[in-house]
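One structure is given here, and the rest of the page talks about it.
Residue numbers (our numbering): 125 to 264.
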């Protein structure tokens, strides 16, 4: 989608005190420049069941406290898995995930999407570039 069109009125007042002013209508098109992008897991990682891993993404800003992000675990067939990932989280660039023991060993992707206050993003969602693997927990 196109950027937001903002209209401003610029008042030009002469240096001397007079009652005359000129007005100029100024229109600016502000294009979003940020992109959300998964950094990890982004392919070929092996994360053991029952371990805690960090999901990381780029696209944070000083205003990120007002932006909510959704994280989803995607199976190879495209189905979204119920997974203990938060449905929404702050856009702080990372989320700790404890991989549940009930989650099947297999290949998955992570999807990230902006869900609240997304106008700053040119690209509002991303998915792991390649699959990562959930593997059995190591033997004690």
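Virtual Cβ for every residue (Gly too), placed ideally from N, Cα, C.
- Contact between residue 171 and residue 255 is ruled out by a C-beta separation of about 11 Å, above the 8 Å threshold.
- Measuring C-alpha to C-alpha distances from residue 183 to each of 232, 238, 196 and 211 identifies 238 as the nearest.
- DSSP places residue 168 outside any beta strand (DSSP E), giving it a letter other than H or E.
- Residue ranges of uninterrupted beta strand (DSSP E) with 3 or more members, entirely inside the segment 224–258 and ordered along the chain, are 230–240, 245–247 and 249–251.
- Taking C-beta separations shorter than 8 Å and ignoring five residues to either side along the sequence, the partners of residue 230 in its chain run 199, 200, 257 and 258, following chain order.
- Out of 179, 186, 202 and 246, the CA that lies nearest to the CA of residue 195 is found in 179.
- Between residue 192 and residue 212 the beta-carbon gap is near 4 Å, inside 8 Å, which marks them as a contact.
- If you draw a straight line from the Cα of residue 224 to the Cα of residue 241, it comes to about 30 Å.
- Taking a 10 Å sphere around the C-beta of residue 236, we find 16 or more other C-beta atoms and assign the residue as buried.
- According to DSSP, residue 218 shares a beta bridge with 180.
- Residue 162 and residue 218 have their alpha carbons spaced roughly 10 Å apart.
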